[in-house]
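Taken in sequence, the protein lines are chains A and B. Numbering of the first sequence is given in the working numbering, commencing with residue 3 and proceeding in unit increments. Numbering of the second sequence is given in the working numbering, commencing with residue 25 and proceeding in unit increments. One structure is given below, encoded as structure tokens.
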Amino acid sequence: MKRILFLLFFLFLQAVFAADKATAEDAYQLLRSDPTGFERVVPGKALAFPSDHLPHKDFRIEWWYVTANLLDADGQSYGVHWTLFRSSMNALPDPDGWASNQVWMAHAALSTPDGHVYEERFARGGIDQANVTLAEGSRLNAFMDDWSLTGETQDLLPATLSFTAGGYSVNLSLAAKTPWVLQGDQGYSVKSSQGQASYYYSQPHIAVRGQISRFEEAAITVAGKGWLDREWSSQPLAKNQPGWDWFALHLDDGHALMVYRLRQTDGNHWISGSWVTPDGKATTLRKGEVLITPVGTQSVDTGDGTTRDLPLTWRIELADKAMAWTVTPQSANQWLNTAFPYWEGPVDVEGSTDGVGFMELTGY
Amino acid sequence: MAIGLLAGVALWSAVQLINDHARASYGEADQLLGAEARFWIRSTGDQGVLPADYIKLRRMGFTSVFPVLESRLQTKDGQLVALIAIDLLALPLTGSGNSETDASKTSSLETTTSHPFAAGNWLALIQPPYQLWYPATLADQLNISAGEQLLLRNGTVLPPAVIQAQVQQGQRLFMDVGAAMAVLGRDRFSYLGVGQLTMAERKQLEGSLPDELTLVENHQAIDMQQLTASLHTNLSALGLLSFAVGLFIVFNAVRYSLLAREGTLTTLREMGVSLRLIGMAILAESLLWSVGGTALGLGVGLWLSHLLLPSVSVSLQSLFGAVMGSDIGLSWDQVFVALLMTLTGVALALTLPLWRKASAPILKTTSQEGEVGKTVREMGFFAGGLLVCAAIGYTNISSVTGGFVVIGLLMFGGALLLPVLVYTLVVALGRWLPEQMWQIRWAVSDALSQMPHLRIALMALLLTLTANIGVTVLVDSFRSALSAWLETRLSADIYVISPQLDVERLVRTSATEDKWLLNSHDRFGASFRWQARPSNVLGIDVDAPDVRNMKLPFAVEGGLDAWRSQESPNVILANEQVRFLAGQTLGSDITLPGPEGPVSFRIVGFFHDYGNSGYQFYLPSDLMRSIWPNAQSQGLALWIAEGQESEAEEQLIAAGALAGEWIWQKDIKAISFSIFDRTFAITAALNTLTLIVAGIALLAALMAVHQSRLPEYSHWRSLGLTYLEWLKIVAVPLGLMIIVTLCLSLPLGFLLSWLLIDDLNVIAFGWTMPLRWSWLPALNLALLTLGIVLVTLVIAVVQVRLRLPASLKLLGSR
Numbered sequence: 003m004k005r006i007l008f009l010l011f012f013l014f015l016q017a018v019f020a021a022d023k024a025t026a027e028d029a030y031q032l033l034r035s036d037p038t039g040f041e042r043v044v045p046g047k048a049l050a051f052p053s054d055h056l057p058h059k060d061f062r063i064e065w066w067y068v069t070a071n072l073l074d075a076d077g078q079s080y081g082v083h084w085t086l087f088r089s090s091m092n093a094l095p096d097p098d099g100w101a102s103n104q105v106w107m108a109h110a111a112l113s114t115p116d117g118h119v120y121e122e123r124f125a126r127g128g129i130d131q132a133n134v135t136l137a138e139g140s141r142l143n144a145f146m147d148d149w150s151l152t153g154e155t156q157d158l159l160p161a162t163l164s165f166t167a168g169g170y171s172v173n174l175s176l177a178a179k180t181p182w183v184l185q186g187d188q189g190y191s192v193k194s195s196q197g198q199a200s201y202y203y204s205q206p207h208i209a210v211r212g213q214i215s216r217f218e219e220a221a222i223t224v225a226g227k228g229w230l231d232r233e234w235s236s237q238p239l240a241k242n243q244p245g246w247d248w249f250a251l252h253l254d255d256g257h258a259l260m261v262y263r264l265r266q267t268d269g270n271h272w273i274s275g276s277w278v279t280p281d282g283k284a285t286t287l288r289k290g291e292v293l294i295t296p297v298g299t300q301s302v303d304t305g306d307g308t309t310r311d312l313p314l315t316w317r318i319e320l321a322d323k324a325m326a327w328t329v330t331p332q333s334a335n336q337w338l339n340t341a342f343p344y345w346e347g348p349v350d351v352e353g354s355t356d357g358v359g360f361m362e363l364t365g366y
Numbered sequence: 025m026a027i028g029l030l031a032g033v034a035l036w037s038a039v040q041l042i043n044d045h046a047r048a049s050y051g052e053a054d055q056l057l058g059a060e061a062r063f064w065i066r067s068t069g070d071q072g073v074l075p076a077d078y079i080k081l082r083r084m085g086f087t088s089v090f091p092v093l094e095s096r097l098q099t100k101d102g103q104l105v106a107l108i109a110i111d112l113l114a115l116p117l118t119g120s121g122n123s124e125t126d127a128s129k130t131s132s133l134e135t136t137t138s139h140p141f142a143a144g145n146w147l148a149l150i151q152p153p154y155q156l157w158y159p160a161t162l163a164d165q166l167n168i169s170a171g172e173q174l175l176l177r178n179g180t181v182l183p184p185a186v187i188q189a190q191v192q193q194g195q196r197l198f199m200d201v202g203a204a205m206a207v208l209g210r211d212r213f214s215y216l217g218v219g220q221l222t223m224a225e226r227k228q229l230e231g232s233l234p235d236e237l238t239l240v241e242n243h244q245a246i247d248m249q250q251l252t253a254s255l256h257t258n259l260s261a262l263g264l265l266s267f268a269v270g271l272f273i274v275f276n277a278v279r280y281s282l283l284a285r286e287g288t289l290t291t292l293r294e295m296g297v298s299l300r301l302i303g304m305a306i307l308a309e310s311l312l313w314s315v316g317g318t319a320l321g322l323g324v325g326l327w328l329s330h331l332l333l334p335s336v337s338v339s340l341q342s343l344f345g346a347v348m349g350s351d352i353g354l355s356w357d358q359v360f361v362a363l364l365m366t367l368t369g370v371a372l373a374l375t376l377p378l379w380r381k382a383s384a385p386i387l388k389t390t391s392q393e394g395e396v397g398k399t400v401r402e403m404g405f406f407a408g409g410l411l412v413c414a415a416i417g418y419t420n421i422s423s424v425t426g427g428f429v430v431i432g433l434l435m436f437g438g439a440l441l442l443p444v445l446v447y448t449l450v451v452a453l454g455r456w457l458p459e460q461m462w463q464i465r466w467a468v469s470d471a472l473s474q475m476p477h478l479r480i481a482l483m484a485l486l487l488t489l490t491a492n493i494g495v496t497v498l499v500d501s502f503r504s505a506l507s508a509w510l511e512t513r514l515s516a517d518i519y520v521i522s523p524q525l526d527v528e529r530l531v532r533t534s535a536t537e538d539k540w541l542l543n544s545h546d547r548f549g550a551s552f553r554w555q556a557r558p559s560n561v562l563g564i565d566v567d568a569p570d571v572r573n574m575k576l577p578f579a580v581e582g583g584l585d586a587w588r589s590q591e592s593p594n595v596i597l598a599n600e601q602v603r604f605l606a607g608q609t610l611g612s613d614i615t616l617p618g619p620e621g622p623v624s625f626r627i628v629g630f631f632h633d634y635g636n637s638g639y640q641f642y643l644p645s646d647l648m649r650s651i652w653p654n655a656q657s658q659g660l661a662l663w664i665a666e667g668q669e670s671e672a673e674e675q676l677i678a679a680g681a682l683a684g685e686w687i688w689q690k691d692i693k694a695i696s697f698s699i700f701d702r703t704f705a706i707t708a709a710l711n712t713l714t715l716i717v718a719g720i721a722l723l724a725a726l727m728a729v730h731q732s733r734l735p736e737y738s739h740w741r742s743l744g745l746t747y748l749e750w751l752k753i754v755a756v757p758l759g760l761m762i763i764v765t766l767c768l769s770l771p772l773g774f775l776l777s778w779l780l781i782d783d784l785n786v787i788a789f790g791w792t793m794p795l796r797w798s799w800l801p802a803l804n805l806a807l808l809t810l811g812i813v814l815v816t817l818v819i820a821v822v823q824v825r826l827r828l829p830a831s832l833k834l835l836g837s838r
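The structure is reproduced here in structure tokens:
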């Protein structure tokens, strides 16, 4: 559910292009009102590949989201996070070219044993500066400037992820053997009791290998596990949902667990997730089947001279499976002070089975 | 006193604020609408950059590269406006987050656009009918209100107006770059801006550029500081002048108030109050006044600076292409400096009268005439000293500041000479006037009584009159030089700039059809940087009518012919800026950067090139083509047979030119002069303002004179003098002194304009022009001055009439 970052993106666009604070608050209202003119997310739609890897301009917002937990030869941890967001600025057909109604945003972040670097970029659609297309008709390519996730075929995976951030250059090859996990009900992922939903599919079992280098220094070879999320929607949030807590965990026994909690002002948080076996079979987790509880708060340096107290330690339980884990951040300072700020970083998992993963906290 | 402080501080601080603001703006000249532009990527032939090349660079990872389209547009009414267009989403972010170094970096997009976008949204900016952002002052000038659409001369309708400005937009229109290409029918950007690069990145970028693109460093910030220094020195000089005049007012006001309270002071001293205590009390009061006056003056100054900013901004943009922001604020530094200056000024203005007061016996008896004579002789010596210094300084002028120092010496020397002249004249008249004309003799000798009080005010008036005449003559001379120059330079009837025009076909039609075209001249040019300034070289047809009639103010013997025939190889003509700013002389060898490497030329002549802040060279077109084969057309000049104007326009359209791609000679001239007039609007505004300040100074002085002489007037009145006779005695000497002032301001003004034109102008701009003296402005000024004097006199007389009864009563009671 971290992918609700589109909300931030949308708000960012509103704030940048529309308005002062008052109107930005109105943007929340707009986001939560009916997305008139845009396509709606409905149950029962069969997702098709590779066509659903490509942009859905009829929907207001969508993203391509990669995270990875990596280790170098010395066993030191690295975290990678790369996202491409697309937004339609209105529900009319895209005139393309310089007048395109498409706007793109990208985030790249790298957690190293030494710290945390990140960058954000923006681009207008229609001029080939950013897009997700079939390059030369045969290779899927998601890119902005020189950042790219380039498939070897028309499929999103196997692929090469390549980006630079904070002086680092990252080149990773991504491959998976298990099928795509269609989240929710065959990819129809409900986000509130009031009908907000998205199309959502993931690949939690990505084998990642590659190199991280900085300036002229020798490249470090890394390997680990990656996660790719695809999601699109036109109306993703309910009126009473100010933020969310999201977890994507790789367990040492080969299982994967995704859970999220959309915080609601009435305290009745919307909780959902999925349990994926090592061979890629997924079970959707509903409220009651999964418990998410913050158990520890830490002060986080936001990079702009301020600090913020965030619930960085969590307890996750699957009541039916009698399993429980404690999730702790590998480093507290993973705040992205981007146009719309949030916390995202690698975590360690201890409990029924140990593991690693990624956590995203927004709206704090 | 408050008025003096207010007037002086206001004008001085207004000028100071504008100067500071302009300098701050130049500091941001390597910023383009909030993004750094340390470098530019330009095409070698200056034909612009293809969007595809730009996207290629972005896809290679050069994310600090962004597209810019700049254009000068001509409105239907013939006004020229500058447009800048950019892709706001592509502006480089100032950096990435990095908790390793704890660097907090924000996106420049966030900081620069959160407010500017307040009135619109992204789609409105990038989709038809688009948006065109006008800074408020420019909208006023073009008479455009929100939502209205500006019509261009070529029939293009610009997008609806939004009245708001980006940072560093200056007096320019702003548009999205995609929208600008669509509206203006362009398929290329003017250039690409590039943010900061490391040496490695720079090398990498240079290696990645296609052949026709080059990376050039943006020197604008440094250039602007250098280029505009002279204009700011000029403004500062005028500002300081009004501050000085303001202090004269304060000086008079202090005297006036001391005189008005003479009775009280005498009583206090008789009662045994120490001088020190009285002095302290007066100082404390003055302090209060000056703080109040400074505060008010700064307020008015801020207001005034906002009022004057658009015209300074226009001056800077037309003279130097410098862009200035439209937001001005007062900093604590400025408040502090203003306060310090006024306090020092007030302290000085107080010292003299207080010291005199202190050193005077309680019951004074002075021989006024003897004292006046002595002071005047001292002033005469001092004036002589200053003038000698000015003369010595004149022979060594090498910088704008040095020039202003000489001007300062001359002006103050001249000012000090004024009382000497008045005194000499009065004494001489006293000798020459026959004894029967006793009333006139009395009136003339009364000048000696008025002079000590009016002296300072008259000197202030003289300074302002001189500055006025000097600057007016400068502007007039420049205007007539420009007019004469345009006359020879723009001898063709029509000028065409049209990329798709088929020139050969156009010329052919005239040969075969009805001979509508008498002659034509196609010019080609290339741009580069030379001697740290933007420069260009033009290839011109040596047989074209405008070249045949070309006159060179400076040339070697037979230089023009040598240049035409190119018998001795690579002979070049240069604008006089090359002579005066780059220090080249006739016969100098220079090296210009050609596309194949440096090329050497010998300068054989200099031509006038007014309004150009860079260097320009002329080469015969054949030679130009062989050295710069990619030179771009700079426009086609056409000489049309009489009565064939409409035929010419028809043929132009037939040959591919679009409406609006040509302009008639008379229109260019009209535009040139409208730019000229707007450029010098600031001078006119400051001229008027300083004259008003001088008028106030005179009024304050007259009030002081009459207040001090009220007892004297009561005596006269009691002796039976009528009001009319009194008026004669008071007004005749004043008139006499004003006439002397006016007469002295003429030669001083002439000298000033001569210094400005012959020395400062050449040092600052590198232009020479003949000084054109005209009596009309001097006459206008004389009438204006007399008007001001009359008004002040009337006010003073009314005051005296009101106060005289009380004074008479006092006299009677004694």
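Just so you know, even glycine gets a beta-carbon here, dropped at the ideal spot from N, CA and C.
Contact with chain A by B/L208, beta-carbon distance below 8 Å: Position 184 of the second sequence, counted from the start, is the residue given in the question as residue 208 of chain B. Residue contact with chain A for B/L208: absent (no Cβ-Cβ distance below 8 Å to any residue of chain A).
List, in chain order, every chain A residue whose beta-carbon is nearer than 8 Å to that of B/D111. For the purposes of this step, residue 111 of chain B is taken as the residue at position 87 of the second sequence. Chain A residues near B/D111: R126.
Using a Cβ-Cβ cut-off of 8 Å, state whether A/T364 counts as contacting chain B. For the purposes of this step, residue 364 of chain A is identified with residue 362 of the first sequence, where counting begins at 1. Closer than 8 Å to the CB of A/T364 there is not a single CB belonging to chain B.
Go through the segment 517 to 572 of chain B residue by residue and report every complete run of the beta strand (DSSP E) that reaches 3 residues or more, in order. Unbroken beta strand (DSSP E) runs of no fewer than 3 residues, entirely contained in the segment 517 to 572 of chain B, are found at 518 to 520, 541 to 554, 557 to 564, following chain order.
Taking Cβ-Cβ distances shorter than 7 Å, what residues in chain A pair up with B/T87? As a position in the second sequence, residue 87 of chain B is number 63, starting the count at 1. What B/T87 touches in chain A: R123, D147.
Proximity of B/G325 and B/L41 at Cβ, strictly below 8 Å: Residue numbering aside, residue 325 of chain B sits at position 301 when the second sequence is read from its first letter. Residue numbering aside, residue 41 of chain B sits at position 17 when the second sequence is read from its first letter. Yes. Within cutoff.
Closer than 8 Å at the beta carbon, the chain B residues around A/V105: The sequence position of residue 105 of chain A within the first sequence is 103, counting from 1. Those are L113, W146, listed as they occur along chain B.
Nearest-angstrom beta carbon gap, A/T286 and A/G186 [assumed within contact, 8 Å]: Sequence index remark: in the first sequence, residue 186 of chain A carries index 184 (1-based). Sequence index remark: in the first sequence, residue 286 of chain A carries index 284 (1-based). About 6 Å; that satisfies the 8 Å criterion.
Is the Cβ-Cβ distance between B/L442 and B/L472 less than 8 Å? For the purposes of this step, residue 442 of chain B is taken as residue 418 along the second sequence, with counting starting at 1. For the purposes of this step, residue 472 of chain B is taken as residue 448 along the second sequence, with counting starting at 1. The answer is no: Cβ separation not under 8 Å.
Do you know offhand how far A/T330's Cα is from A/G359's? Here residue 330 of chain A is taken as the residue at index 328 of the first sequence, counted from 1. Here residue 359 of chain A is taken as the residue at index 357 of the first sequence, counted from 1. Counting only the Cα atoms, A/G359 lies some 10 Å from A/T330.
Give a yes or no on whether the minimum CB-CB distance between B/I65 and chain A is below 8 Å. Residue 65 of chain B sits at position 41 when you count from the first residue of the second sequence. No, its Cβ sits nowhere closer than 8 Å to a Cβ of chain A.
Return the residues of the segment 68 to 89 of chain A that lie within a Cβ-Cβ distance of less than 8 Å from chain B, sorted by chain order. So nothing in the stretch comes that close.
In this structure, does DSSP put A/D281 in helix, strand or coil? Locating residue 281 of chain A in the first sequence gives position 279, where the first residue counts as 1. Of the three classes helix, strand and coil, the one that applies to A/D281 here is coil, per DSSP.
Closer than 9 Å by beta-carbon distance: list the chain A residues that pair up with B/I79, in chain order. Within the second sequence, residue 79 of chain B is the residue found at index 55, counting from 1. For B/I79, the C-beta contacts it makes with chain A under 9 Å involve I129, D130, Q131, in order along the chain.
For B/L449 versus B/V754, is the C-beta spacing smaller than 8 Å? Indexing the second sequence from 1 puts residue 449 of chain B at position 425. Indexing the second sequence from 1 puts residue 754 of chain B at position 730. B/L449 is not a Cβ neighbour of B/V754, given a cutoff of 8 Å.
For A/T166, decide whether its Cβ has a neighbour in chain B, counting only Cβ atoms nearer than 8 Å. Stepping through the first sequence from its first residue, residue 166 of chain A is reached at position 164. A/T166 counts as touching chain B.
Within the same chain, show all residues whose beta-carbon is closer than 6 Å to that of A/L32, passing over the 5 residues directly before and after it, in chain order. Mapped onto the first sequence, residue 32 of chain A falls at position 30. The pLDDT assigned to A/L32 is 38, lower than 50, so where the model puts this residue is not dependable, and the model offers no usable value.
Can you tell me which of the three DSSP states B/H739 falls into? As a working mapping, residue 739 of chain B is identified with position 715 in the second sequence. Here B/H739 sits in helix by DSSP.
Find out if the Cβ-Cβ distance for the pair A/L159, A/A137 is shorter than 8 Å. Here residue 159 of chain A refers to the residue found at position 157 of the first sequence. Here residue 137 of chain A refers to the residue found at position 135 of the first sequence. Against a cut-off of 8 Å, the Cβ pair of A/A137 and A/L159 comes out as no contact.
So with Cβ pairs under 8 Å, would you call B/M223 a contact of chain A? Residue numbering aside, residue 223 of chain B sits at position 199 when the second sequence is read from its first letter. No, B/M223 lies away from the interface with chain A (no Cβ there is under 8 Å from its Cβ).
According to the Cβ coordinates, are B/D517 and B/Q675 closer than 8 Å? Residue 517 of chain B sits at position 493 when you count from the first residue of the second sequence. Residue 675 of chain B sits at position 651 when you count from the first residue of the second sequence. It is not a contact, given that the beta carbons lie outside the stated cut-off.
Cβ contact (3+ pairs, closer than 8 Å) linking the segment 181 to 196 of chain A and the segment 38 to 52 of chain A: Yes, the segment 181 to 196 of chain A touches the segment 38 to 52 of chain A.
Span separating the alpha-carbon of B/E736 from that of B/L810: Start at 1 with the first residue of the second sequence, and residue 736 of chain B comes out as number 712. Start at 1 with the first residue of the second sequence, and residue 810 of chain B comes out as number 786. The alpha-carbon atoms of B/E736 and B/L810 are separated by roughly 27 Å.
Taking 8 Å as the threshold (beta carbon to beta carbon), is B/P152 in contact with chain A? Here residue 152 of chain B is taken as the residue at index 128 of the second sequence, counted from 1. Yes - at least one Cβ of chain A is within 8 Å of the one on B/P152.
Which of the three DSSP states, helix, strand or coil, is assigned to A/W337? Counting from 1 along the first sequence, the entry for residue 337 of chain A is found at position 335. Strand, per DSSP.
Residues in the segment 182 to 203 of chain B having any Cβ partner in chain A nearer than 9 Å: Listed in sequence order: D200, V201, G202, A203.
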